[in-house]
Each structure stands twice: as structure tokens, then as C-alpha cells.
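Single-structure report; data block below.
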Amino acid sequence: MPATQLPDSNQVGQTVSRPIGEVSPPKPPTELKSLPNHLKYTYLGQVLEKLAGKSHYYFLDGYSKYMQIHIAPKDQHKTTFTCPFGTFAYTRMPFGLCNAPSTF
């Protein structure tokens, strides 16, 4: 299994209420994180050009290799995500991490 469930120790167990009609102060603008310049995204046209004239296509081969690369236990907390079923952390490198292509 590529993800393991984490304990609920870091989740907040209380809510703060405020009177009805009270307006929240405006939030300061935040800058979105930009992607590193070294990332190149392949467009469908470029992929089709590389595949043109080939006799065999192994579509799943590239995807299956990502889940075979283990993430060090000390770094697994960096891959946490929360869903309705709990908080989980990946134990193997999922497809879509920022530096996954360079590791792959």
C-alpha cells in the first residue's frame, strides 16, 4: 500500500464561535507559490509526435515505476494529505510530486 494512516494527534478538536453578524477582518493578500523553472510539462502534441510510427506502446510502464520508489521514513511526513477517512502519508513516491521526475 503506498499510503499509511497517521494518528489524529495533530488535528484540532475544538471550534471557535463568534456572534452572528460579526464580520471577519479582511485577510492580507498572499502570494501563490510559483513552480520552479526547471519543470517542463509535455503537451499532448509533443507526445503524439514521439509516438508516431512506433509499433508498440507501453502506456502503463511509466506510471508503475513511480510507486516502486520508497520515500525515506524521515521524509514521509512531507507527503501528508487529509481526506474524510483520516490523515495519510505516502510511503512510496506518488505520481505528481514536484521533484519526482528527477528522482525517476
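Residue 29 in full-length UniProt numbering sits at position 29 of the sequence shown, with consecutive numbering throughout. Ideal Cβ positions, reconstructed from N, Cα and C, are used throughout, including at glycine.
Check, Outcome
"Rank Pro94, Val47 and Cys83 by C-alpha distance to the C-alpha of glutamine 68 and give the top, closest one.", "Pro94"
"For histidine 70, which residues does DSSP report across the bridge?", "Arg92"
"Mind checking who phenylalanine 81 pairs with in its DSSP beta bridge?", "Phe88"
"Determine the DSSP secondary structure at valine 47, reduced to helix, strand or coil.", "helix"
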